[in-house]
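A.B. asks: Handing you a structure now.
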Amino acid sequence: MVDLTRDNLPIIKEDNMPKNFELCKEGDVAFADASEDTNEVAKPIEFFDLAGKNIVCGLHTIHGRDNKNKTVIGFKGYAFSSSAFHNQIRRIAQGTKIYSISTKNFSECFIGIPSKVEQTKIATLLRLIDERIATQNKIIEDLKKLKSAISERLFKSVKGSTVLLSDLCDIVKGKQINGENLSDSGNYYVMNGGTEPSGYYDNYNVEASTISISEGGNSCGYVQFNTSPFWSGGHCYSIQNIADKVDNMYLYHYLKSNEDAIMKLRIGSGLPNIQKKDLAMFKIIVPKIEWQIKISTFLSSLERKAEIEERIQNVMQKQKLYLLQQMFI
């Protein structure tokens, strides 16, 4: 849903202005005509409020308009996002690596159209949910910014001895598992060079409550605290056998706060990676243990708050998905 009273769209330069075009009206829909994912083909955007601006549909879109005035503004974007509609699109999308649709394909698809009074009720409910999700996104974003700012100030002002990471713990590189041995679900996730698990495995090689750092790939240097046992893959370091003088969570928050500096240790261009010897030389400021615990407890409370808000966000998104599955036929 595009609402130009609060959303922004790219502006076309005069040199690139198309010769023939149709201006969009409020209630028009732009459909994506191609994607690598069948779930994204025909993904719709309805123009809810154009705020008096001239808008045209860009490349790789299909411009749709209700010429028979059967729908209210705000309903079509949700109707065309429903499972009932996209199940039809997945069936008729053409291609192997890139899936596409044409205007002719739409003659094979249909959606149920209730009365305009009912359409207004449906659109209003789903729009309110969208607005609440947007607010929740802002809450989460602000919490993460707050934690980042506080972390930066705390660790810049903390007093203590400066120690190399290798003098505080063992940096252990994981063991690679062939992709064919991974599954989409399971008891133990596998961490490699990304920010998300690369799959699931039936065993683990690292205990819970362990810090991991991505070793290779575009996200190398990403710091994560793992609350459950996991499999550390060939592009993942785990921080083990931490010295007694260092609080586990303090070390995590210190490394996470300095994640950008760790990422700058990467070498290579095609598949960048962080060498173990370079990570071992990373410097850590270690204050007295009681200060470590105070710092880590405070920062962990902010992180938990953000996690709670993310769970609330996930519930809202599931609620919206359920409604999109059940309210349209």
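Going by UniProt numbering, the first residue of the sequence shown is number 1, and it counts up by one from there.
Even for Gly, the Cβ is constructed at its ideal location relative to N, Cα and C.
Since the structure is predicted, the reported quantities are computational estimates derived from the model, not experimental observations.
In the DSSP assignment, find the alpha helix (DSSP H) that holds E135 and state where it starts and stops.
C.D. replies: Residue 135 sits at position 135 when you count from the first residue of the sequence shown. One detail in the question is off: residue 135 reads as Thr in this sequence, not Glu. That run of the alpha helix (DSSP H) goes 116–157.
A.B. asks: Taking buried to mean at least 16 other C-beta atoms within 10 Å of its own C-beta, is S238 buried or exposed?
C.D. replies: For the purposes of this step, residue 238 is taken as the residue at position 238 of the sequence shown. Burial call: buried.
A.B. asks: From the DSSP output, which residues share a beta bridge with D170?
C.D. replies: Translated into positions along the sequence shown, residue 170 becomes position 170. According to DSSP, D170 bridges with Q240.
A.B. asks: Looking only at DSSP bridge pairs, what is F225 linked to?
C.D. replies: Here the question's residue 225 lines up with position 225 in the sequence shown. According to DSSP, which records beta bridges pairwise, F225 is partnered with I211.
A.B. asks: So what's Y322 in DSSP terms, helix, strand or just coil?
C.D. replies: Within the sequence shown, residue 322 is the residue found at index 322, counting from 1. Reduced to three states, the DSSP call for Y322 is helix.
A.B. asks: Using a Cβ-Cβ cut-off of 6 angstroms (strictly less than) and excluding sequence neighbours within five positions of A84, which residues of its own chain qualify?
C.D. replies: Here residue 84 refers to the residue found at position 84 when the sequence shown is read from its first residue. Answer for A84: F328, I329, listed in chain order.
A.B. asks: Would you report the Cα separation of N105 and A208, rounded to the nearest angstrom?
C.D. replies: The sequence position of residue 105 within the sequence shown is 105, counting from 1. The sequence position of residue 208 within the sequence shown is 208, counting from 1. One C-alpha to the other measures close to 51 angstroms.
A.B. asks: Thinking just about the alpha-carbon of each residue, which of T38, I111, D37, V29 is nearest to the one in F47?
C.D. replies: Residue mapping note: residue 47 aligns to position 47 of the sequence shown, counting from 1. Closest option to F47, Cα to Cα, is V29.
A.B. asks: Nearest by alpha-carbon distance to R6: which of E131, D142, S81, Y222 is it?
C.D. replies: In the sequence shown, the residue the question calls residue 6 occupies position 6. Here the closest residue by C-alpha is E131.
A.B. asks: Within the continuous alpha helix (DSSP H) that includes F85, where are the two ends?
C.D. replies: Translated into the one-based positions of the sequence shown, residue 85 becomes position 85. Looking at the DSSP string, the run of the alpha helix (DSSP H) that includes F85 is 83–92.
A.B. asks: Determine the extent of the beta strand (DSSP E) in which I62 is found, giving its start and end residues.
C.D. replies: Position 62 of the sequence shown, counted from the first residue, corresponds to residue 62. Here the beta strand (DSSP E) through I62 covers 61–64.
A.B. asks: Please name the residue, chosen from V41, V206, N16, K256, that lies closest to S102 on a Cα-to-Cα basis.
C.D. replies: Counted from its first residue, the sequence shown places residue 102 at position 102. Closest by alpha carbon: V41.
A.B. asks: Between the stretch 208–227 and the stretch 265–285, can you find at least three pairs of beta-carbon atoms closer than 8 angstroms?
C.D. replies: They touch, by the three-pair rule.
A.B. asks: For the stretch 309–319 against the stretch 131–144, are there 3 or more C-beta pairs whose distance is under 8 angstroms?
C.D. replies: Flag = yes, the stretch 309–319 and the stretch 131–144 touch.
A.B. asks: Buried or exposed: which applies to S161, given that a residue is buried once 16 or more other Cβ atoms fall within 10 Å of its Cβ?
C.D. replies: Indexing the sequence shown from 1 puts residue 161 at position 161. Exposed, because fewer than 16 other Cβ atoms sit within 10 Å of the Cβ of S161.
A.B. asks: Any contact of the stretch 162–181 with the stretch 192–208, i.e. 3+ C-beta pairs under 8 angstroms?
C.D. replies: Enough Cβ pairs lie closer than 8 angstroms, so yes.
A.B. asks: So for A34, helix, strand or coil by DSSP?
C.D. replies: Counted from its first residue, the sequence shown places residue 34 at position 34. Strand.
A.B. asks: Ignore the nearest five residues each way along the sequence and tell me which others in N241's own chain have a CB closer than 7 angstroms to its CB.
C.D. replies: Position 241 of the sequence shown holds residue 241. The residues are C169, D170.
A.B. asks: Within a Cβ cutoff of 6 angstroms, which residues of the same chain sit near D3, ignoring the five residues on either side of it in sequence?
C.D. replies: Your numbering for residue 3 matches position 3 in the sequence shown. Excluding sequence neighbours, D3 sits near F48, D49.
A.B. asks: Skipping 5 residues on each side, what residues in its chain have a beta carbon closer than 7 angstroms to that of I267?
C.D. replies: Numbered from 1 along the sequence shown, position 267 holds the residue referred to as residue 267. Once the five neighbours on either side are set aside, the close Cβ partners of I267 are N273, Q275.
A.B. asks: Please determine, among K156, I98, I73, the residue with the shortest C-alpha to C-alpha distance to Y254.
C.D. replies: Taking the sequence shown and counting its residues from 1, the one referred to as residue 254 is at position 254. The option with the nearest alpha carbon to Y254 is K156.
A.B. asks: For the beta strand (DSSP E) containing L4, name the first residue and the last one.
C.D. replies: Counted from its first residue, the sequence shown places residue 4 at position 4. Looking at the DSSP string, L4 is not in any beta strand (DSSP E), and its letter there is neither H nor E.
A.B. asks: List the residues that DSSP assigns as beta-bridge partners of K287.
C.D. replies: Counted from its first residue, the sequence shown places residue 287 at position 287. Reading off the sequence, residue 287 comes out as Pro, not Lys. Answer is none; P287 lacks a bridge partner.
A.B. asks: Restricting to Cα atoms, I'd like to know which of L299, L23, I262 is closest to R153.
C.D. replies: Translated into the one-based positions of the sequence shown, residue 153 becomes position 153. Selected option, being the one with the closest Cα: L299.
A.B. asks: Can you give the Cα-Cα distance for S151 and T210, rounded to whole angstroms?
C.D. replies: Translated into positions along the sequence shown, residue 151 becomes position 151. Translated into positions along the sequence shown, residue 210 becomes position 210. In a straight line, the C-alpha of S151 is about 20 angstroms away from that of T210.
A.B. asks: Who pairs with T162 in a beta bridge, going by DSSP?
C.D. replies: The residue labelled residue 162 in the question sits at position 162 within the sequence shown. For T162, which the question treats as bridged, DSSP gives the partners I285.
A.B. asks: For the putative contact between Y250 and Q292, defined by C-beta atoms under 8 angstroms, what is the C-beta separation to the nearest angstrom?
C.D. replies: As a position in the sequence shown, residue 250 is number 250, starting the count at 1. As a position in the sequence shown, residue 292 is number 292, starting the count at 1. Going by Cβ atoms, the distance from Y250 to Q292 rounds to 4 angstroms, so yes, they are a contact pair.
A.B. asks: In angstroms, rounded to a whole number, what distance separates the CA positions of E310 and L143?
C.D. replies: Position 310 of the sequence shown, counting from 1, holds the residue named residue 310. Position 143 of the sequence shown, counting from 1, holds the residue named residue 143. When rounded, the distance between both Cα atoms is 11 angstroms.
A.B. asks: Alpha carbon to alpha carbon, how far is I89 from N16?
C.D. replies: What you label residue 89 is simply residue 89 of the sequence shown in a count that begins at 1. What you label residue 16 is simply residue 16 of the sequence shown in a count that begins at 1. Rounded to whole angstroms, I89 to N16 spans 32 angstroms at the Cα level.
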